[in-house]
Structures are given as structure tokens and as C-alpha cells.
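Novice: For reference, the structure I am asking about is given below.
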Amino acid sequence: MVKLWQKKKLAVVLVVGLLIIGGWGVFNVFASEDDPGVIQSSGFVEGDRVIISAEIPGRLTELAVDEGEQVKKGQLLAKLDDRQLRAKVEQAEAQFAVAESQVEQAQLAVDLTDRQYTGTVAQARAAAETARANANQVRAALKQAEDELTRYRQLYKQNVVSEAQSEAVTNKYNAAKAQYEAVEKQVQQAEAALQMAYDTQVSTGEQVEDQHYSQADAALKVALANKKLARAVLEEAEAILAKTEIYAPSDGIIVNKLVELGESAVPGTPLLQLVNMDQLTLKVYVTGKDIGRVKLKQTAKVYVDSYPDKPLNGRVVKVASEAEFTPKNVHMPDERVKMVYAVELEVGNAGGAIKPGMPADAEIMTVTEDSGNK
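Okay, here's the thing in C-alpha cells:
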């Protein structure tokens with residue numbers, strides 16, 4: 019009998035306990051719903067999406083990230099085929115080197131004519147020797163480029179190398195040939211200057227000297243203009259080449275990868291989508307009965323399933339002026355409500371607790387302690 023009485027006593031205690039807990043839960047629900055200082059709602063986390071696209075057309079040779087990957091500002095995301103553009107840069111570099119050499123030669127000519135004619139022949143002879151030595155070096159480089167071109171043409175016929183590789187070697191040869199032709203012209207100019215020095219050695223009249231100086235100065239100005247143009251061409255080629263590498267504009271998470279390796283990129287067409295995880299918002303919905311109590315800059319507490327006991331801080335940043343039908347994926351406490359107002363909350367995302375698309379609940383504090391005491 020004692021054991022039976024103890025069992026009945028235990029059952030009564032459990033029933034009473036459950037009634038107390040249930041009553042407390044019901045009290046809390048109705049108390050929070052009736053609390054004029056708090057509006058409860060739910061919604062989904064959203065983020066501003068940054069569209070990442072290429073500035074120039076090209077084939078994707080590298081995709082360094084995947085969906086869901088965290089990236090840092092300035093991190094390499096993708097790369098386009100750059101072989102032809104690199105060849106153009108190399109050609110522009112060669113042309114710029116030729117222009118620089120022409121400036122040096124023109125400056126040397128000015129210096130020669132700017133001095134007294136004593137020693138003119140010796141100086142002209144030295145310039146001619148320098149030009150010849152330079153031509154010998156460039157001639158050797160041209161021979162090497164010519165041999166390489168011949169070899170690549172054979173390989174291309176045998177389908178060993180691609181057309182792009184063959185074109186790159188051809189461009190390299192053309193640049194070497196252009197440089198050699200320019201250097202040969204410099205040799206001719208230096209030898210002509212030497213001959214002029216011989217011819218004018220006997221003449222020391224100021225008129226002859228002034229005429230030669232004017233010609234040398236004009237040639238220097240032309241060489242400087244050509245160098246400036248060559249530098250502009252080189253800088254443009256380098257700028258276009260730099261656009262083959264695509265970098266992250268900010269910190270964030272890659273939420274969409276819209277292309278695959280080997281596909282062609284078109285300027286303006288999205289390749290990737292990135293969301294800045296430090297600038298997330300929560301869009302919740304409030305009934306027409308409560309929307310009048312929601313104001314900008316009001317604080318809020320945001321709850322997510324992964325951190326149910328650690329609410330995040332929120333702040334009202336946008337309140338819709340027009341009602342809309344309740345979205346199908348949003349649950350309202352009163353299911354009879356058909357029209358709601360969207361409210362956007364700015365949410366602090368310390369530690370990356372929330373991510374776009376996550377459901378979340380919010381408590382909007384419509385009455386502050388100061389306003390409640392008045």
C-alpha cells in the first residue's frame with residue numbers, strides 16, 4: 019500500500035509541475051504579445067549582393083573560389099587567358115626600348131654639336147663605335163628570335179603547339195626585327211655624323227655650327243615625342259593585361275558561381291556574386307495594427323536557431339510605407355492577417371553568426387526605458 023501511495027503522490031507532483039510550467043509558458047506568450055513595448059516578428063536574413071564581372075572578353079583559365087567560400091578584399095577570384103596580351107606588352111616594351119635608345123642617340127648628337135669642334139671627329143667616331151656594338155647585340159637577339167620562329171612554325175604544322183603560342187613567337191620576332199632595323203638606322207646616323215665631322219673639321223664658322231646644332235636639337239625633340247608615344251602604348255597594354263586578373267572588391271562570401279572553368283567571359287556579364295557579411299539585414303513583417311509603433315532607429319533583438327540564448331543587436335533602418343500580402347514563407351502569429359508591412363533591421367554580425375537566407379526572429383523595442391518613465 020505504501021508503494022502505491024508513493025506512486026500516486028509522485029504522479030500528482032508531476033501533473034502539478036507540468037501545469038505550472040505550461041501556465042508559465044502561456045503567460046509568457048500572452049505577456050510578450052500584449053507587451054506594448056515589444057513587437058515580435060520573423061523573417062529572413064538578407065545581404066547586398068555585389069556582382070563581379072570581367073572588364074574585357076576572354077576565356078577563363080582560373081577560378082580560384084567556389085560557392086560558400088569566404089574571401090578577403092583584393093583576393094584573386096578568377097583569371098582570363100592572357101597570352102596574346104602578354105605578347106602585346108612585350109612588343110610595346112621592345113618599341114619603348116628602341117625609343118629610349120633613339121633619345122639617347124639624339125641627345126648624344128646634341129652634346130656633340132654643342133661643344134667646340136675640337137675633338138668632334140673623335141667623339142663622332144666613339145658614337146659610331148657604340149652604335150655598331152649595340153647593333154651587334156641586337157643582331158644576335160634577332161638571329162635567336164628568327165631561329166625560334168622557324169622552330170615554332172614547324173611545331174605548329176605538326177600540331178605540337180597552339181596557334182596562340184605560334185602567334186606569340188611571331189610577335190616576339192617582329193619586335194626583335196623592328197628593334198634591329200631601328201638600331202641599324204642609328205648606326206647609319208652615327209656614321210653619317212662621323213662623316214659630317216670629317217667634312218666640317220676644316221670649317222669652324224659659327225654659321226655651320228649653329229646649323230648643325232639646330233638639326234640635332236630638332237632630332238632630339240622628335241625622339242622625345244616618339245618615346246612619349248611608346249610609353250603611352252606600353253602603359254595601355256599593361257593596363258589591359260592587368261584586367262585579365264579579377265579580384266574581390268570587398269570582404270564577403272561567394273554566394274553564386276555563374277561560370278565554369280574554360281568558359282568565355284563577356285564584359286558586364288556576371289561571373290560571381292559576393293555578399294558582404296558585415297552588412298546584413300533582417301526583413302521582418304509587421305501587421306497594420308502594430309506598424310504605427312515602429313520607428314526608424316528603434317533597437318531590436320534578433321534570435322537565430324544556432325544561437326537561441328544569445329540575441330544579436332539590431333536597429334530599424336527602413337519601414338515600408340505600403341502594405342503587401344503576407345509572403346508564403348513567413349509565419350505570422352495571427353494567421354488571419356493577410357496584409358503586412360515590411361520592416362528592415364540592420365543586424366550586427368559579430369563572429370559571423372548569421373548568413374544570408376537564414377530564418378530569424380526579432381523583438382522590436384518600441385518603448386525605451388526613458389519613454390516608459392515619462
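If you use this note's numbering, the sequence shown corresponds to residues 19 to 392, in order. Even glycine gets a Cβ: it sits at the ideal position worked out from N, Cα and C.
(1) Figure out for me which residue from Arg-311, Leu-298, Pro-329, Ala-360 has the closest Cα to the Cα of Asp-269.
(2) Helix, strand or coil for Asp-323? Go by DSSP, reduced to three states.
(3) Please report how far the alpha carbon of Pro-444 lies from the alpha carbon of Ala-96, in whole angstroms.
(4) Flag this pair as touching only if the segment 230-240 and the segment 93-111 have three or more C-beta atom pairs under 8 Å; answer yes or no.
(5) Do Val-63 and Pro-345 have their C-beta atoms within less than 7 Å of each other?
(6) Compare the C-alpha of Ile-372 against each of Ala-194, Gly-286, Ile-309, Met-295 and name the closest.
(7) With a CB to CB cut of under 7 Å and the five nearest residues on each side skipped, what residues in its chain are close to Met-383?
(8) Counting C-beta neighbours from all protein chains within 10 Å, is the total for Leu-314 16 or more, i.e. buried, or is it exposed?
(9) Report yes or no: do three or more beta-carbon pairs, one from the segment 258-278 and one from the segment 80-96, lie closer than 8 Å?
(10) Among Lys-261, Leu-212, Glu-199, Ser-282, which residue has its Cα nearest to the Cα of Val-156?
(11) Express the C-alpha separation of Ile-309 and Asp-388 in angstroms, rounding to a whole number.
(12) Could you tell me the alpha carbon to alpha carbon distance between Val-248 and Ser-119, rounded to whole angstroms?
(13) With DSSP run on the structure shown, which of helix, strand or coil describes Glu-278?
(14) Helix or strand or just coil, what does DSSP make of Thr-384?
(15) Would you grab the beta carbon distance between Ala-194 and Gln-113 for me? Rounded to a whole angstrom, and I think it's under 8 Å.
(16) Where Arg-143 and Glu-209 are concerned, what is the direct C-alpha to C-alpha distance, given to the nearest angstrom?
(17) Is Asn-46 helix, strand or coil by DSSP?
(18) Taking 7 Å as the CB-CB cut-off, is Lys-246 touching chain B?
(19) Rounding to the nearest angstrom, what Cα-Cα distance links Glu-122 and Val-201 in this structure?
(20) Under 7 Å between the Cβ atoms of Val-365 and Leu-330?
(21) When you compare each of Lys-307, Ala-283, Tyr-303 to Ser-60 by their alpha carbons, which one comes out closest?
(22) What's the C-alpha gap between Leu-167 and Val-107?
(23) Kindly indicate which three-state DSSP category Glu-342 falls into: helix, strand or coil?
(24) Who are the Cβ neighbours of Leu-212 in its own chain at under 8 Å, not counting the five residues just before and after it?
(25) Please check the pair Val-251 and Ala-110, which I expect to be a contact at CB under 8 Å, by giving their CB distance rounded to whole angstroms.
(26) Report all residues from its chain with a CB closer than 6 Å to the CB of Val-337; omit the five preceding and five following residues, and keep chain order.
(27) Measuring CB to CB, does Leu-289 end up less than 7 Å from Ile-70?
(28) Short check: CB of Thr-262 to CB of Leu-363, under 7 Å?
(29) Who does Arg-8 pair with in a DSSP beta bridge?
(30) Tell me, to the nearest whole angstrom, how far the beta carbon of Tyr-170 is from that of Gln-183; I am working on the premise that it is less than 8 Å.
Specialist: Based on what the coordinates show:
(1) Ranking the options by Cα distance to Asp-269, first place goes to Leu-298.
(2) In the three-state reduction of the DSSP assignment, Asp-323 falls in the coil class.
(3) The shown model of the chain, from 19 to 392, leaves out residue 444, and the question about it has no answer.
(4) They do not touch, by the three-pair rule.
(5) Taking a C-beta distance under 7 Å as the contact criterion, Val-63 and Pro-345 do not qualify as a contact pair.
(6) The candidate whose alpha carbon is nearest that of Ile-372 is Met-295.
(7) Hits under 7 Å: Gly-55, Val-56, Gln-316, Thr-317, Ala-318.
(8) Leu-314 is exposed by the Cβ-count criterion.
(9) Flag = yes, the segment 258-278 and the segment 80-96 touch.
(10) Checking every option, the nearest Cα to that of Val-156 belongs to Glu-199.
(11) Below a pLDDT of 50, predicted positions are generally treated as unreliable, and Asp-388, at 48, falls in that range; no measurement from the model is reported.
(12) Val is not the amino acid found at residue 248; the sequence shown has Ala there. Distance between the alpha carbons of Ala-248 and Ser-119 is about 12 Å.
(13) Three-state DSSP puts Glu-278 in coil, outside helix and strand.
(14) Thr-384: coil per DSSP, three-state reduction.
(15) That pair is no contact at about 11 Å.
(16) A straight line joining the alpha-carbon of Arg-143 with that of Glu-209 spans about 8 Å.
(17) Caution applies to Asn-46, whose pLDDT of 36 falls short of 50 and renders its modelled position unreliable; the value that the coordinates give is listed next. Of the three classes helix, strand and coil, the one that applies to Asn-46 here is helix, per DSSP.
(18) Of the protein chains in this structure there is only one, and it is not chain B.
(19) In a straight line, the C-alpha of Glu-122 is about 12 Å away from that of Val-201.
(20) The beta carbons of Val-365 and Leu-330 sit closer together than 7 Å.
(21) Of the listed residues, the one whose Cα sits closest to Ser-60 is Tyr-303.
(22) The alpha-carbon of Leu-167 is positioned some 18 Å away from that of Val-107.
(23) Three-state result, Glu-342: strand.
(24) So the qualifying residues of the chain are Val-139, Ala-142, Arg-143, Ala-145, Ala-146.
(25) About 5 Å separates the Cβ atoms of Val-251 and Ala-110, confirming a contact at the 8 Å cut-off.
(26) Around Val-337: Val-312, Val-361.
(27) Yes, Cβ-Cβ distance for Leu-289 and Ile-70 is below 7 Å.
(28) No. Outside cutoff.
(29) In the structure as shown, the chain starts at 19 and stops at 392, and residue 8 therefore has no counterpart that could be examined.
(30) The C-beta separation of Tyr-170 from Gln-183 comes to about 7 Å, placing the pair in contact by the 8 Å criterion.
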